[in-house]
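Trainee: My structure is below; once you've seen it, I'll send some questions.
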Amino acid sequence: MLGAFLCGELSEIKLHQSEKVARCGAFFREIKSNTPEITTSTVYPFGFNASQKDAVNKALANKLSIIEGPPGTGKTQTILNIIANAVIRGESVAVVSSNNSATKNVLDKLKKYDVDFIAAYLGNKDNKKDFINSQQSLPDMKDWKLTSEVITLLQQQLKSRYIDLREKLVQQNDLSALKQELSVIQTEENHFLKYFDSFDARQWPQVAWALNTSQEALEMWLLCENEEMTQNKSLITFLKRIFEYLRFWNRRKPLIRKLLEQYSRDYLVALFQRRFYELKISELTSDMSKLTRELDSFDFNAKMSEFSEISAQLFKAKLAKKYTKKNRIPYELDDLWKNSEKFIDDYPVILSTTYSLRSSLNSRVMYDYVIIDESSQVDLCTGALALSCARKAVVVGDLKQLPNVVDSEASNITDNIFAEYDLAEVYRYKSHSLLSAITEMFPNAPNTLLREHYRCHPKIIEFCNKKFYDGQLIILTEHNTEREPLMVYKTVEGNHERNRINQRQIDIIRDEIIPQQKLNTEDGSLGIVTPYRNQTNALQNAFKGMSVKADTVDKFQGQENEVIILSTVDNDISEFTDNANRLNVAISRAIEQLIVVVNGSDTMKDTNIGDLVRYIEYNNFTVVDSKIRSVFDYLYRSYAQRRQKFLLKRKRISEYDSENLMYALITSVLKDKGLNNIEVAVHVPLKMIICDTSLMTLSEKQYAVNILTHVDFLIYDVIDKSPRLVVEVDGAIYHAEGTRQSERDAMKNEIFNKYGLPILRFRTDGSCERERLSEALDSIYSKSV
């Protein structure tokens with residue numbers, strides 16, 4: 001089946017050599033009969049945690065292993081440790097992904113530790129030429145050499161230190177779990193206290209103070225809540241069975257009945273609930289303090305650094321022993337395929353895309369390990385192509401993040417192949433990434449979830465943890481920032497999205513969020529993500545010349561920023577925007593702060609984004625109702641009645657409500673400013689404003705003298721009839737970029753620019769018209785004064 005799959009026309013990969021198919025099929029057959037190998041002593045020069053160590057060991061001991069790496073859990077660190085151990089064993093490693101950025105990240109990390117000389121960044125022709133042209137000599141490794149006695153001593157130290165670290169890693173994770181539980185309980189308590197304050201203030205009964213543990217408070221709460229049920233004899237046996245585990249059932253029952261004679265049941269239940277929260281928080285705080293003291297006395301961070309340093313010494317000693325015995329001879333481009341064996345001995349780590357790995361060196365080269373990173377974005381064809389030259393494979397990715405995108409043409413081609421060859425569903429190209437296919441094909445393959453998270457503020461990643469990862473993540477971030485980690489900005493009600501662009505959300509980001517939250521647009525700390533390419537283009541244009549990264553969520557996968565703004569765009573959240581994987585990626589890009597911009601008129605019921613907004617509200621973070629409005633808001637259906645009422649009291653000068661609204665605004669602003677010598681004319685022909693056409697080009701003259709060419713509004717001085725300002729109302733769709741009307745608009749702008757007459761354009765999907773008009777008039781009036 002796999003052979004038929006690979007020989008199809010799936011992604012324009014032409015695999016005419018049957019050997020490639022056979023080798024890949026043989027690889028899979030070998031996996032199914034695979035037994036783990038016995039590993040030698042493992043080193044971790046790049047640091048590790050509990051799940052990373054598990055992942056490395058499984059990768060080294062099995063023909064195939066899967067590493068699931070949620071955002072910020074150290075996938076690259078895990079890959080680097082696999083590389084180090086493979087190279088120590090004298091084995092070769094190919095690290096591939098569907099794009100160059102993921103593999104380049106591995107190279108950058110190797111460079112940071114001064115061991116990048118073992119790696120060759122190959123793949124396509126340009127990469128290979130760049131590598132050949134930038135070859136460097138070997139570094140000085142004399143300080144890396146160690147005697148066999150020292151190596152033996154370091155290996156013994158490594159083993160003994162790991163025994164200590166193993167226990168402390170468990171304690172570190174336990175401490176994280178306690179912190180997460182405490183955060184949840186404290187948030188619950190905040191909401192509960194609002195309810196508790198609704199009761200009349202009164203003295204607590206002594207029994208509440210006498211409770212020593214949260215368990216006792218919980219038991220009293222349950223006893224109090226269920227006492228009325230014990231009056232029904234038919235329920236007595238049932239209730240006793242439920243509460244037989246309560247050691248003080250018979251002793252407390254009379255007390256509960258006595259309390260119920262003095263206090264209402266609701267009050268007593270609330271009282272014991274409050275006591276439960278107090279005692280539970282105290283217990284969690286005490287447990288956390290105890291673990292913190294133990295970790296501090298152990299000096300965990302220093303011991304982990306020492307362990308990594310010993311590992312690095314052993315790794316570098318192995319490299320020094322190998323490379324100081326020979327001189328590195330520069331390679332020519334032809335050597336990559338002519339002398340592949342020698343090259344790979346010199347450069348045991350090859351970096352490439354999945355598509356280009358086979359052509360990086362001789363096509364017959366087999367790598368001891370092929371590590372496929374970001375495998376949820378790797379398609380089946382190129383993934384299988386990379387696997388065809390692997391003795392062992394490590395598939396790294398996250399099924400909860402975005403998969404590879406398959407266009408309609410490829411979908412049609414592959415569906416036809418399915419119909420013709422009756423392939424198993426796991427090979428369906430359009431609906432399976434390499435990761436999802438491998439996971440389904442080999443359900444018993446060693447699979448490690450990297451659980452420890454190091455990137456996002458705890459409150460940011462906790463949403464992803466609960467929503468997407470079933471609470472399995474261990475959050476180890478400790479962000480001390482003055483920023484609120486989560487915020488929501490809601491636009492005013494209205495249909496602001498047009499053609500996948502929401503100008504109102506862009507205005508809010510530029511004019512409210514950035515200044516109010518004091519965000520830096522010059523240091524690269526701010527990223528803006530959005531589901532749609534059209535909105536991305538509009539954002540990039542709005543922040544042109546600034547160091548603001550704006551892109552689609554799909555393109556942002558694998559990146560991160562201190563602050564992320566999510567522009568949802570939709571008037572009503574669409575299935576595309578609300579896709580769980582897409583939202584997971586968007587949220588987990590934020591390190592310190594995530595700001596979500598949504599439409600104020602969308603209730604967002606039964607949506608993932610709605611869950612996010614409700615999570616932010618529940619955790620008592622700020623939800624801002626935007627003050628940015630537009631005179632054109634009245635055009636939206638939701639404002640229909642208010643628009644009619646508004647226009648009924650004002651002069652109508654046009655068949656278009658947009659122009660009537662603008663006329664009302666202009667007259668209102670002129671009146672407010674007391675500009676009695678300034679008036680506004682409607683639909684004035686351009687040739688009546690500019691009589692002298694000497695500055696115009698031929699095409700501009702033809703356009704200007706046409707009787708149909710006019711301006712929407714002309715603001716002029718009543719004393720000498722001199723024009724002061726042209727105001728145009730641009731329908732968002734009719735005047736969209738690339739239309740014939742937009743070309744006319746550009747010509748009109750150029751004409752007025754030549755004659756020094758300012759023109760102010762207002763789009764019907766824009767905002768802040770009053771402020772912009774007021775500023776323009778102030779500028780004109782101050783100049784005239």
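When we follow full-length UniProt numbering, the leftmost residue of the sequence shown carries the number 1, and every step to the right adds one. A virtual CB, placed ideally from N, CA and C, is assigned to each residue, including glycine.
Pro-458 lies in the alpha helix (DSSP H); which residues open and close that run?
Mentor: It spans 458-468 - the alpha helix (DSSP H) in which Pro-458 sits, taken as one unbroken run.
Trainee: State the DSSP-derived secondary structure class of Lys-240, mapped to helix, strand or coil.
Mentor: Bear in mind that a pLDDT of 49 at Lys-240, under 50, signals an unreliable position, so the number given afterwards is only what the model happens to contain. Residue state, collapsed to three classes: helix.
Trainee: Would you mind listing the alpha helix (DSSP H) stretches within the segment 320-395 that are 4+ residues and don't spill past its ends, in chain order?
Mentor: Within the segment 320-395, the complete alpha helix (DSSP H) runs of at least 4 residues are 335-338, 340-346, 357-360, 380-387.
Trainee: Please state the DSSP three-state secondary structure of Thr-552.
Mentor: DSSP places Thr-552 in strand when its eight states are reduced to three.
Trainee: Could you tell me the alpha carbon to alpha carbon distance between Phe-117 and Ile-460, rounded to whole angstroms?
Mentor: In a straight line, the C-alpha of Phe-117 is about 38 Å away from that of Ile-460.
Trainee: Sort out for me which residues DSSP pairs Asp-730 with in a bridge.
Mentor: DSSP lists Arg-763 as partners of Asp-730.
Trainee: What number of angstroms, rounded off, separates the C-alpha of Thr-152 from the C-alpha of Arg-89?
Mentor: Roughly 16 Å separates the two Cα atoms.
Trainee: Which stretch, first to last residue, makes up the alpha helix (DSSP H) that contains His-191?
Mentor: It spans 148-196 - the alpha helix (DSSP H) in which His-191 sits, taken as one unbroken run.
Trainee: Report the rounded CA-to-CA distance for Leu-333 versus Gly-524, giving the unit in angstroms.
Mentor: Distance between the alpha carbons of Leu-333 and Gly-524 is about 38 Å.
Trainee: With 16 as the cutoff for other CB atoms within 10 Å, does Lys-290 come out buried or exposed?
Mentor: With fewer than 16 Cβ atoms within 10 Å of its Cβ, Lys-290 is classed as exposed.
Trainee: Using only alpha-carbon positions, find the residue among Leu-675, Asp-692, Ala-736 that is nearest to Glu-719.
Mentor: Inspection of the sequence shows that residue 719 is occupied by Ile rather than by Glu. Of the candidates Leu-675, Asp-692, Ala-736, the one whose C-alpha sits nearest the C-alpha of Ile-719 is Leu-675.
Trainee: Quick one: which unbroken alpha helix (DSSP H) runs of 4-plus residues sit fully inside the segment 675-739? Chain order, please.
Mentor: DSSP runs (the alpha helix (DSSP H)) wholly in the segment 675-739: 686-689, 698-705.
Trainee: For Lys-179, which residues in the same chain have their Cβ closer than 7 Å to its Cβ, ignoring the five residues on either side in sequence?
Mentor: Cβ within range, chain order: Met-288.
Trainee: Quick check on the burial criterion: 16 or more other C-beta atoms within 10 angstroms. Buried or exposed for Lys-75?
Mentor: Lys-75 should be labelled buried.
Trainee: What residue range is occupied by the uninterrupted beta strand (DSSP E) comprising Asn-447?
Mentor: From DSSP, the beta strand (DSSP E) with Asn-447 extends over 447-449.
Trainee: Near Lys-321, what residues of its chain come up, given a Cβ to Cβ distance below 8 Å and the 5 sequence neighbours on each side ignored?
Mentor: So the qualifying residues of the chain are Lys-145.
Trainee: For Tyr-532, which residues from the same chain have a beta carbon less than 6 Å from its beta carbon, with the 5 sequence-adjacent residues on both sides left out?
Mentor: Correct list, in chain order: Arg-500, Val-569.
Trainee: Can you list, in chain order, the residues of its chain with a C-beta nearer than 7 Å to that of Tyr-634? Leave out the 5 residues immediately preceding and following it.
Mentor: Arg-642, Arg-643, Phe-646, Leu-661.
Trainee: Within 10 angstroms of its Cβ, does Lys-326 collect 16 or more other Cβ (buried), or is it exposed?
Mentor: So Lys-326 counts as exposed.
Trainee: Going by DSSP, which residues form a beta bridge with residue 794?
Mentor: Outside the shown range of the chain (1 to 785) lies residue 794, about which nothing can therefore be said.
Trainee: Contact check, Thr-448 vs Ala-55 under 8 Å by CB: the rounded distance?
Mentor: Thr-448 to Ala-55, Cβ: 4 Å. Contact.
Trainee: Along the chain, which unbroken stretches of the alpha helix (DSSP H) at least 4 residues long are found entirely within the segment 59-95?
Mentor: Fully enclosed alpha helix (DSSP H) runs of 4 or longer: 75-88.
Trainee: Would you say Ser-433 and Pro-403 are within 9 Å of each other, going by their C-beta atoms?
Mentor: Yes, these two residues count as a Cβ contact at 9 Å.
Trainee: According to the Cβ coordinates, are Ile-79 and Ile-371 closer than 9 Å?
Mentor: Yes; because the gap between Cβ atoms is below 9 Å, this pair is in contact.
Trainee: Give every residue of the same chain whose Cβ lies closer than 7 Å to the Cβ of Val-684, excluding the five residues on either side of it in the sequence, and list them in chain order.
Mentor: Here the set comprises His-710, Val-711, Leu-714.
Trainee: Please report the straight-line C-alpha distance between Val-729 and Glu-462, rounded to a whole angstrom.
Mentor: Cα to Cα, the separation comes out at about 46 Å.
Trainee: From which residue to which residue does the alpha helix (DSSP H) around Tyr-489 run?
Mentor: No alpha helix (DSSP H) holds Tyr-489; the beta strand (DSSP E) holding it covers 486-490.
Trainee: Using the three-state DSSP reduction, which class does Glu-228 fall into: helix, strand or coil?
Mentor: Unreliable positioning characterises Glu-228 in this predicted model, as indicated by a pLDDT of 48, which lies under 50. The coordinate reading is nonetheless provided below. It is helical.
Trainee: Per the DSSP calculation, His-453 is bridged to which residue(s)?
Mentor: Paired residues: Ile-475.
Trainee: Can the beta-carbon of Val-623 be found closer than 9 Å to that of Ala-586?
Mentor: Cβ atoms of Val-623 and Ala-586: not closer than 9 Å.
Trainee: Quick one: using the 10 Å Cβ neighbour count with 16 as the cut-off for buried, is Gln-505 buried or exposed?
Mentor: When all chains shown are included, Gln-505 counts as buried.
Trainee: With Lys-597 and Ile-565 assumed to form a contact (beta carbons below 8 Å), what rounded beta-carbon distance in angstroms separates them?
Mentor: According to the sequence provided, residue 597 is Val. The question's Lys does not apply to it. That belief holds up - the Cβ atoms of Val-597 and Ile-565 are roughly 7 Å apart, short of 8 Å.
Trainee: Taking the beta carbon of Ser-41 as the centre, do at least 16 other beta carbons fall within 10 Å, making it buried, or is it exposed?
Mentor: The residue in question, Ser-41, is exposed, as its Cβ has fewer than 16 Cβ neighbours within 10 Å.
Trainee: Give the DSSP-derived three-state secondary structure of Glu-562 in the structure shown.
Mentor: DSSP places Glu-562 in strand when its eight states are reduced to three.
Trainee: Applying the 10 Å Cβ sphere with the 16-neighbour rule, what's the burial state of Gln-593?
Mentor: By the neighbour-count rule (16 or more Cβ atoms within 10 Å), Gln-593 is buried.
Trainee: When you compare the segment 429-445 with the segment 361-378, are there three or more beta-carbon pairs, one atom per stretch, that lie closer than 8 Å?
Mentor: Output reads yes: the segment 361-378 touches the segment 429-445.
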